[in-house]
Amino acid sequence: MFSLLPQAAVSPLANPPPHRLSLAPRSPRSRSSVVVGALMSESPQKPANVSAPKLCFPILVNGCTGKMGIAVAEAALSAGLQLVPVSFSSLEKPGRTLKVGNTEIQIHGPSERENVLSSVSHEFPNVVVVDYTVPDAVNANAELYCKLGLPFVMGTTGGDRHMLYKTVQDANVYAVISPQMGKQVVAFIAAMEIMADQFPGAFSGYKLEVYENCHTSVLKK
């Protein structure tokens, strides 16, 4: 999921409930209205040779040394996105590289993060960072992304989530934060929020519980 929405669309709560999709920052622009036509007597036909426009923007996957990071990097290449040849590791191992598709990824240690990310932001001004690292790095990584004004997707679980939301709001940076990045689960959460807004009181007295089973190698905190 690489789309980022402005805060005008969805605003994180001060005390966000679990399994809530939160997006930041707060945009000063007013939300534009959307009008959907129910029926038209004549609907224009698109030419057969016209295809939908393809997304093509730079993406930096922080965590290419892990399974999820590799999977996201491969998916980005398959989607036609530009994979920035940079990633980070919790270990200081100078000169380490990793190949994803035809892209050679340079792996940098923690001490190089800020300088390297700053250079990336200048070379790729439209870059979006996708974070699949470890729980202990969540808040420090988010603070750095916000400091440099980089929009990001936080796919890593754990960390201090309330501090994470506050960091993003204070920095006024676009971000996608969710405890669950499975697209079907995220879509279901969004659908329930829309239904609760459109049909107030319809779910009064009902409670929904979600149980998640993870394999033993998943790091959570």
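Counting along the sequence shown from 1, when you hit position 63 you're at 69 in this note's numbering, and nothing is skipped either side.
Glycine included, each C-beta is placed from N, C-alpha and C at the ideal position.
Keep in mind the model is a prediction, meaning the values are calculated, not measured.
By DSSP's assignment, SER93 forms a beta bridge with ILE113. Using a Cβ-Cβ distance cut-off of 8 angstroms, the region 74-87 and the region 125-141 are in contact, since at least three pairs of beta carbons, one from each stretch, lie closer than that value. The beta carbon of PHE209 sits closer than 7 angstroms to the beta carbons of ALA202 from its chain, once the five residues preceding and following it are set aside; these are given in chain order.
The beta-carbon separation of PHE130 and PRO185, rounded to 28 angstroms, does not stay under the 8 angstroms limit for a contact. Taking the CA atoms as reference points, ILE111 sits about 6 angstroms from LYS105. Between the beta-carbon of SER125 and that of LEU156 there is about 12 angstroms, and that puts the pair past the 8 angstroms contact cut. In this chain, the alpha helix (DSSP H) harbouring ASP176 covers 167-177. Boundaries of the beta strand (DSSP E) harbouring VAL136: 134-137, taken from the DSSP string. The three-state secondary structure of PRO185, taken from DSSP, is coil. Comparing alpha-carbon positions, the option among GLU118, VAL159, LEU123, ALA193 lying closest to GLU98 turns out to be GLU118.
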